[in-house]
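Those letters in the sequence shown? Residues 1 to 408, per UniProt numbering, in order. What follows is a set of notes on a single structure, which appears directly below.
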Amino acid sequence: MEKIIAFAFLTLFLACSSRKPGTGDEQTTGKESMPSASTMNAYEKDRQFLQQHHRDLIELQTGDARALICPAYQGRIMTTTADGKASYGWINYELINSGKMLPHMNAFGGEDRFWLGPEGGQFALFFKKGNPFDAENWQTPAAIDSEPFTLASATQTSATFTRMVSLTNFSGNQFDIGIERTVTLLPRMEINRLLGISTDSLKIVGIQSDNTITNQGAQTWTTQTGMPSIWILGMMNASPEVTIIVPYRAGTGQPVNDAYFGKVPAERLSMGKTSALFKADAKYRSKIGVSPARATNWVGSYDATTKTLTLVTFDFNPTDRQYVNSSWEQQKEPFAGDVINAYNDGPMKPGQPQMGQFYELESSSPAANLALGAKQRHRHTTFHVQGPEPDLNRIAQRLLLTDLAAIK
């Protein structure tokens with residue numbers, strides 16, 4: 001299990017306030033750089049702010065749904081909207097506005113970003129060979145943190161990005177990786193197909209990242225060299241009324257791993273027969289995960305105030321059991337990691353700063369056992385749905401195995 005991670009560098013991060021979906025007049029840090037029109041909605045504020053700092057910002061659109069994609073942040077999906085007003089992704093206004101690059105990691109925000117795992121262990125990509133597994137030596141590779149991806153093509157509803165990276169893991173093995181990432185704003189018909197229901201009466205946006213890595217090096221990636229994985233993480237706006245919902249299948253072993261940063265208190269994590277409810281208020285730093293033995297291919301959250309249901313689905317084959325282990329230690333089982341992770345931000349200790357008012361929904365591909373020239377693909381799709389609670393509840397019961405009444 002992952003040790004408690006002492007993020008000494010957290011003091012360098014600037015905490016940011018969030019804005020709730022469905023409103024447009026909330027206070028937002030860094031607003032001195034924003035237009036002052038009181039009628040401007042949350043999505044438009046985000047769009048204008050990001051355009052000020054990134055002239056190559058891409059906006060995708062289909063119907064009322066839109067998405068903002070930033071090539072400078074690895075083709076990152078910064079935020080989406082179902083109606084041109086609500087804005088669903090968390091954005092770190094202060095860090096972006098500062099123009100600074102921070103040590104260890106730059107938490108720019110965004111509801112779908114591309115990373116590679118594992119983070120820790122003998123095959124870690126975030127630690128140099130021989131260094132201790134501690135905060136001082138933890139470093140997100142620049143290629144998936146602060147360096148851009150190349151825009152290869154774009155249409156009104158999709159954009160494709162590419163990048164070649166060369167990374168060396170903790171064991172000293174080099175990985176030459178070709179990355180291709182296509183972001184697509186989904187039409188209503190495709191959303192209905194993926195959800196298995198008609199959403200015509202609901203406000204909804206669906207966006208998918210289709211990510212492929214290719215072994216461009218000189219050796220096969222094996223359990224002896226280490227096998228990287230595609231790791232997609234989405235930062236969303238936290239609030240006291242947001243609950244993360246993690247469904248799981250029947251099976252042996254614990255359904256949820258809650259030992260990443262120390263056991264999660266019972267008042268923040270409740271376990272039912274088919275799902276776990278995890279508080280997403282950005283007031284207590286905690287993380288959970290689900291192994292391939294118990295995971296489904298869905299995870300989500302519900303904001304009871306704005307009546308917004310967020311759903312994430314991803315490529316998952318229950319017969320694949322090798323997932324990278326990111327714990328910060330020499331591992332007995334480096335390929336016994338989790339498929340799904342959910343994270344709630346918060347201070348390391350009372351009174352200390354934190355990264356921001358966000359929570360994360362994450363998915364990983366299996367470890368990539370690839371010969372030279374072979375590829376691994378991982379699709380990660382996010383939906384935000386707003387509408388009458390009975391309609392949302394039917395979706396939650398079907399896909400998240402949870403009655404929304406249970407989280408009130």
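Even for Gly, the Cβ is constructed at its ideal location relative to N, Cα and C.
Residue i to residue j span [Cα, whole Å]
i              : j              : result
glutamine 174  : leucine 370    : 14 Å
leucine 372    : glycine 337    : 24 Å
histidine 378  : isoleucine 213 : 9 Å
alanine 250    : valine 299     : 16 Å
threonine 381  : isoleucine 407 : 24 Å
glutamate 41   : alanine 280    : Reading off the sequence, residue 41 comes out as asparagine, not glutamate. Cα to Cα, asparagine 41 sits roughly 24 Å from alanine 280.
methionine 236 : tyrosine 359   : 5 Å
proline 292    : leucine 50     : 37 Å
threonine 223  : glycine 178    : 20 Å
threonine 220  : lysine 283     : 43 Å
proline 347    : glutamine 354  : 5 Å
proline 103    : isoleucine 77  : 23 Å
lysine 375     : glycine 121    : 24 Å
proline 132    : glutamate 119  : 13 Å
lysine 129     : glycine 217    : 19 Å
serine 365     : aspartate 303  : 28 Å
methionine 189 : aspartate 391  : 18 Å
asparagine 257 : isoleucine 197 : 31 Å
isoleucine 91  : threonine 252  : 39 Å
threonine 305  : valine 312     : 20 Å
serine 327     : isoleucine 144 : 19 Å
proline 255    : aspartate 56   : 43 Å
tyrosine 43    : threonine 81   : 7 Å
serine 239     : glycine 356    : 11 Å
Neighbourhood of residue i by C-beta distance below 7 Å, restricted to the same chain and skipping five residues each side
i                 : result
leucine 186       : Gly206, Ile207, Gln208
glycine 30        : With a pLDDT of 38 at glycine 30, under the threshold of 50, the modelled position of that residue is not reliable, and no figure is offered here.
alanine 367       : Met227, Ser229, Gln322, Tyr323, Val324, Phe335
valine 264        : Asp258, Ser286, Ile288
phenylalanine 316 : Ala295, Asn297, Val339
For residue i: DSSP bridge partner residues
i                 : result
residue 424       : The structure shown does not extend to residue 424, since the chain spans only 1 to 408, so no value can be given for it.
tyrosine 323      : Ala336
phenylalanine 358 : Asn237
aspartate 112     : Ile77
glutamine 208     : Thr184, Thr381
arginine 66       : Gln61, Thr81
isoleucine 96     : According to DSSP, isoleucine 96 bridges with nothing at all.
threonine 214     : Gly178, Lys375
serine 275        : Pro247
Nonlocal neighbours in the same chain, by C-beta distance under 6 Å from residue i, ignoring five residues either side
i             : result
threonine 402 : Ile245, Ser275, Ala396
serine 146    : Met101, Asn106
leucine 60    : Ala67, Thr157, Leu185
threonine 310 : Gly300, Ser301, His384
leucine 167   : Leu125, Pro141, Phe175
arginine 163  : Phe149, Ile179
Under 8 Å between C-beta atoms of residue i and residue j
i              : j                 : result
glutamine 139  : phenylalanine 114 : no
glutamate 362  : tryptophan 231    : yes
arginine 294   : tyrosine 248      : yes
glutamine 386  : alanine 86        : yes
proline 228    : leucine 400       : no
threonine 160  : serine 153        : yes
glycine 63     : threonine 79      : no
proline 71     : leucine 151       : yes
asparagine 192 : phenylalanine 123 : no
lysine 307     : glutamate 241     : no
lysine 203     : aspartate 46      : no
8 Å CB neighbourhood of residue i in its chain, flanking five on each side removed
i              : result
histidine 333  : First, the amino acid is wrong: residue 333 is glutamate here, not histidine. Same-chain partners within the cutoff: Asn325.
serine 36      : Any reading at serine 36 must be qualified, since the residue scores a pLDDT of 36, below 50, and its modelled position is unreliable; the value itself is stated next. There are no such residues.
asparagine 393 : Asp403, Leu404, Ala405
isoleucine 58  : Leu68, Ile69, Cys70, Pro71, Leu151, Ala154, Ala159
Residue-level contact to chain D via CB, residue i, 8 Å cutoff
i          : result
serine 166 : You won't find chain D in this structure, because it holds only one protein chain.
(message) Taking 8 Å as the cut-off, does the region 328-344 touch the region 276-293 (at least 3 CB pairs, one atom from each stretch)?
(response) yes
(message) Contact between the region 302-322 and the region 90-110 is defined here as three or more beta-carbon pairs at a separation below 8 Å; is this criterion met?
(response) Contact fails: fewer than three Cβ-Cβ distances are below 8 Å.
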